[in-house]
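Sequential numbering of the sequence shown, starting at 182, is according to my numbering. Backbone N, C-alpha and C define an ideal beta-carbon position, used for all residues, glycine too.
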Amino acid sequence: MIFKEIETDLDWSEAVALRNIYNWTHPGTVAEARSFFELSRQDRNDVRFVGLLDEEIVSYGSAMFNRNANDGTYWFAVFLDPHSDHAVGTFEWTTQECVKRIQGFGGTRAMIESRGEYSWEKVALEAIGFSLDMKLPFSCLETRETEFELHPNVISFRDFLDQNPDDGLHQLWRLEMDVAADLPLPFPFVETPFESFSKSLLDPEVDLTSKFIYLEDGELKGMSQLWPSKVNQTLAATGLTGVRRQYRRQSVATKTKQHAIAWAKAQGIERIFTDNEENNPMYQLNLQLGFRHMFDYEVYSKAC
Ligand SMILES: CC(C)(COP(=O)(O)OP(=O)(O)OC[C@H]1O[C@@H](n2cnc3c(N)ncnc32)[C@H](O)[C@@H]1OP(=O)(O)O)[C@@H](O)C(=O)NCCC(=O)NCCS
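Below, the structure is given as structure tokens:
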């Protein structure tokens, strides 16, 4: 198997096609993938490459510096057709290539979120020295089974930024960092710099109408994000949901998520997918909202 950097339009479209077969719950566009990569590599090490077998592109690998950790950790991902005959070998070789790239960057730890529905991944990762750090149950909500309503205190990032042109972006960054600091993570949390946060959020590929904040008495109390798929408009993934410490246990997360679900249903989104750390109260909250467990994402890592 040989590997080469993604260079041409054709490389990108084949790589993203593999990603979409693999991650069928959240297919994305080539434009999104390219835009995310271009932005990301402006201020951190980030590489994208494809793996070829008999001149055919059979895998898409990526390795990027984890800016939310301070221990030289890199995230990597391997996308391929999980139903192909060579899936296991292709996964192993592409994983080894990702580790090599991380070593080339001087990284100290390689970390992957393995999609537990492909159970052979865990076998392959353990065989090459990776160990399990954390489990994230992945679940799905059928919006037709819900009857939630929009909530008057919840507004979209788009409306909030329009109403607060001077400091709205900074307020959103502060809110996201304050709640993300309490996420259960397999490493100590480091804030994303404001510059990187704002560039990512203002990327034209990012839809700000599907990301919500809970605003009451002028206070930004909490947030909940959706990432509708631009390829299959009946699907969406959730992003970060969080509530500032002083406002927790006042149903802020529940109301914000109910609003997001009602909004999604009105847009024609039929299924919403989410993952949570297994002991995070958010998982139970999601089950109460109607999400049903499908499989676990499993974070595996190894020192480089
Ligand atoms: C998880 C989180 C979003 C919950 O926000 P919240 O506004 O406090 O949640 P709600 O008030 O809507 O809680 C609804 C129910 O969830 C359960 N729940 C929420 N937090 C809980 C906790 N810390 N322990 C046990 N149960 C909890 C309870 O059943 C609660 O109902 P109750 O208060 O009547 O008992 C918040 O704790 C948070 O921001 N944590 C840090 C960021 C994070 O982990 N986000 C989730 C990422 S997947």
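Going by beta carbons, T324 and K446 fall inside the 8 Å limit. Between the alpha carbons of H207 and E451 lies a gap of roughly 13 Å. G287 sits in coil when the DSSP states are folded into three classes, being neither helix nor strand.
A buried status is given to L396, since no fewer than 16 other beta-carbon atoms sit within 10 Å of its beta-carbon.
Distances between the C-beta of S381 and the heavy atoms of ligand 1 are all 7 Å or more. Contact between T419 and L407 holds: their C-beta atoms lie close to 6 Å from each other, under 8 Å. Counting C-beta atoms within 10 angstroms of its own C-beta, W205 has fewer than 16 neighbours from the protein chains shown and is therefore classed as exposed. Sorting H474, G253 and N226 by C-alpha distance to the C-alpha of A244 places N226 at the top.
Pairing G349 with Y478 gives a Cβ-Cβ distance that is not under 8 Å. Boundaries of the alpha helix (DSSP H) around S216: V211 to S221.
Secondary-structure assignment with DSSP links F184 through a beta bridge to G232. Inter-residue distance for P409 and N251 is about 31 Å (C-alpha atoms, whole angstroms). Relative to ligand 1, the beta carbon of Q439 is positioned no closer than 7 Å to any heavy atom. For F370, the three-state secondary structure derived from DSSP is coil.
If the five residues before and after Y299 are omitted, its C-beta is found closer than 7 Å to the C-beta atoms of P263, all from its own chain and listed in chain order. For the pair of segments examined, the region 357 to 374 was found not to touch the region 468 to 475: the number of CB pairs separated by less than 8 Å stays below three. Within the same chain, A244 and R282 come within 6 Å of V228 by CB-CB distance, once the 5 residues on both sides are set aside. Look at D456 here: in three-state DSSP terms it is strand. In this structure E273 is in contact with A305, their Cβ atoms being roughly 5 Å apart against a cut-off of 8 Å.
The beta-carbon distance between S405 and T437, rounded to whole angstroms, is 4 Å. This is short enough to meet the 8 Å contact definition.
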